[in-house]
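A short worksheet on the structure shown next.
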Amino acid sequence: MKYFESAEQALSCVESGQTIMVGGFGLVGGPLTLIDELVEYDVNDLTIISNNLGEKGEGLGKLLEYNKIKKAIGSYFTGNKDVGEALLQGKIEVQLLPQGTLAEAIRAGGAGIGGFYTKTSVGTALAEGKETKVIDGEEYVFEKALKADVAIIRAHKADKLGNLIYYKTARNFNPLMATAAKVVIAEVDEIVEVGDLGSDEIVTPHLFVDRIIIAEKILTREGVKVR
Amino acid sequence: MSNMQEIIAKRAAKELEKNQIVNLGIGIPTLVANYIEGDDVFFHTENGMLGVVDVEEENIDPNLVNAGKFPVGEGLGASYFDSAASFGMIRGGHVDVAILGVLQIDEHARIANYAIPGKTILGVGGAMDLLVGAKKVIVTTTHTAKDGKSKILKDCTFPITTTRSADIIITNLAVFKYIDGVLHLTELMPGATLEQVEAHTEAAFINSLERGQ
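Chain order of the listed sequences is A and B.
For the first sequence, our numbering gives the first residue as 1, with consecutive numbering after it.
For the second sequence, our numbering gives the first residue as 1001, with consecutive numbering after it.
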């Protein structure tokens, strides 16, 4: 059974120095319960792959506040002013990727592909030092795939096998990250019986999912609340 | 939003054609949706949705947002997809029009909109992908920066976001089209004069205004 009673138990596989993928676009679709538990966990020097580092003091912003992040790989850190300060103070390293490159690198990592060529960022500061190649007369830049030790993701519903469906724009990076880590922990609103999710509707088949918990922290109109 | 920004957005809306797939950036581009009739075009947002519409205050869903993290609604026939599929649509040339704001733009219509020199680059989001992949790029911007300096320059002093040229630039003073490697002034905005445009544009351009305008 993949169901874990608590976020604490589900995160038992996380160790210092690991690379962790974290789903979400800002707080939307972020595994807010698992992130908050990770803040309490006795681990540090984490490399976090996530589009953003939450907001100031919220979501992954908390993990940053607690100095548990060594390096952040993502596309848009401007929304959390703490990231710039941590970088200036030499507390963290930042690797910035265009958002589409970030998504594709995770997809490639999960699909057994070592990297790919994209036109995005050609001729800009973000392509500096990267291999380029002319294909059919157009220049492309090489981007390496991304993989992780652990992915913590947010889905809407799981069945007891671990099949997942998502909710509206809370989907974003979650199904990609579900494919690209050694251990995948999904936080969901509800766990249903096998057969209750339509087989045509399942977005992440259960073979990708290792651990499931019920979400305790949810995003509401008034912000993050305990359910 | 100021009247100036509304006027720019209204003019940009005229560039859109029925049934186009359109991606709107943050700021003035977001306002363009206010000047589109009903379901004439389909709005795409890079965080994974096609069929974005406005949402009434009472129907706001915290898990339904656009790329600016603002609440949006779901139109009839809308769909959701993951970020890789979303950017596949963008890079793969399936998005017809991207409308976006700039910090600066040069005389080859190359945009700088993600970084300021001397400051650490901390955010790029989907801008580079959109500029590479969208079939048509429309820039909406105030003609000058807050300090009064032209945003339409000979060369950008900020890092460029792409080597691809935008197709059209719409400001509070004028409309420029980028044709065969040159900026053409094609329209003056209401109340603007050619002298004003000349005074506030550093980039070289050809005056292609119709006679009498």
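Glycine residues also receive a C-beta, built at the ideal position from the N, C-alpha and C atoms.
Check	Outcome
Pick from A:Ala7, A:Ala10 and A:Val22 that is closest to Leu176 of chain A, judged by C-alpha positions	A:Val22
Test item: CB-CB of Met1128 of chain B and Thr132 of chain A under 8 angstroms	no
Exposure label - Glu1214 of chain B; buried when at least 16 CB within 10 Å	As shown, chain B starts at 1001 and ends at 1213. That puts residue 1214 of chain B outside it, with no answer to give.
For Met1089 of chain B, the residue or residues it bridges with in DSSP	BP columns for Met1089 of chain B are empty, so no partner.
Residue(s) in a DSSP beta bridge with Asp159 of chain A	A:Val192
Where Tyr66 of chain A falls, given that 16 or more other Cβ within 10 Å makes a residue buried	exposed
C-beta contact flag for Phe4 of chain A and Ile165 of chain A at 8 angstroms	no
Close Cβ partners of Gly162 of chain A (< 7 angstroms) along its chain, the five nearest in sequence each way excluded	Lys2, His206, Val209 and Ile212
Cα-Cα separation between Gly1118 of chain B and Phe1158 of chain B, rounded to whole angstroms	10 angstroms
Proximity test, Cβ basis, 8 angstroms: Thr1171 of chain B and chain A	no
Residue span of the alpha helix (DSSP H) that contains Gly90 of chain A, given as start and end	Counting along the chain, Gly90 of chain A falls outside any alpha helix (DSSP H), and DSSP gives it neither H nor E.
Proximity of Gly74 of chain A and Leu102 of chain A at Cβ, strictly below 8 angstroms	yes
Gly1212 of chain B burial status per 10 Å Cβ neighbour count (16 or more: buried)	Residue placement at Gly1212 of chain B is flagged as unreliable, the pLDDT there being 49, under the threshold of 50; the coordinate-derived value follows with that caveat. By the neighbour-count rule (16 or more Cβ atoms within 10 Å), Gly1212 of chain B is not buried but exposed.
DSSP beta-bridge partners of Ala1098 of chain B	B:Asn1023 and B:Val1137
Contacting positions in the stretch 68-95 of chain A - beta carbon closer than 8 angstroms to chain B	Ser75, Tyr76, Phe77, Thr78, Gly79, Val83, Gly84, Leu87, Leu88 and Val94
CA-to-CA distance, Ala170 of chain A to Ile214 of chain A, given in whole angstroms	16 angstroms
At least 3 beta-carbon pairs within less than 8 angstroms: the stretch 127-143 of chain A vs the stretch 1070-1088 of chain B	no
Three-pair Cβ contact test at 8 angstroms for the stretch 144-164 of chain A versus the stretch 195-206 of chain A	yes
Which listed residue (B:Gly1025, B:Gln1020 and B:Val1032) has its alpha carbon closest to that of Asp1007 of chain B	Strictly speaking, residue 1007 of chain B in this sequence is Ile, with Asp absent from that position. Out of B:Gly1025, B:Gln1020 and B:Val1032, B:Val1032 has the C-alpha closest to the C-alpha of Ile1007 of chain B.
When B:Asn1113, B:Thr1120 and B:Ile1168 are compared against Val1097 of chain B, the one with the closest alpha-carbon	B:Ile1168
Contact list for Ser121 of chain A against chain B, beta-carbon separation under 7 angstroms	Met1128
CB of Thr1161 of chain B within 8 angstroms of CB of Tyr1114 of chain B, strictly	yes
Glu37 of chain A to Lys217 of chain A span [Cα, whole Å]	10 angstroms
Nonlocal neighbours in the same chain, by C-beta distance under 6 angstroms from Ser1086 of chain B, ignoring five residues either side	Glu1046 and Gly1048
Local conformation of Gly1212 of chain B per DSSP, three classes	With a pLDDT of 49 at Gly1212 of chain B, under the threshold of 50, the modelled position of that residue is not reliable, and the figure given next carries that caveat. In the structure shown, Gly1212 of chain B sits in coil (DSSP, three-state: anything other than H, G, I, E or B).
Through-space distance from Val1175 of chain B to Ala105 of chain A, alpha-carbon basis	38 angstroms
Supposed contact pair Leu1173 of chain B and Ala1203 of chain B - C-beta distance, whole angstroms, cut 8 angstroms	At roughly 13 angstroms, the Cβ-Cβ gap does not stay under 8 angstroms, so Ala1203 of chain B and Leu1173 of chain B are not in contact.
Residues sharing a beta bridge with Ala181 of chain A, DSSP	A:Ala148
Through-space distance from Ala111 of chain A to Phe173 of chain A, alpha-carbon basis	15 angstroms
Top-ranked residue by Cα proximity to Ile202 of chain A, from A:Lys157, A:Arg221, A:Thr179 and A:Thr220	A:Lys157
Asn1063 of chain B at chain A interface by Cβ criterion, 8 angstroms	yes
Span of the beta strand (DSSP E) around Met21 of chain A	Thr19 to Val22
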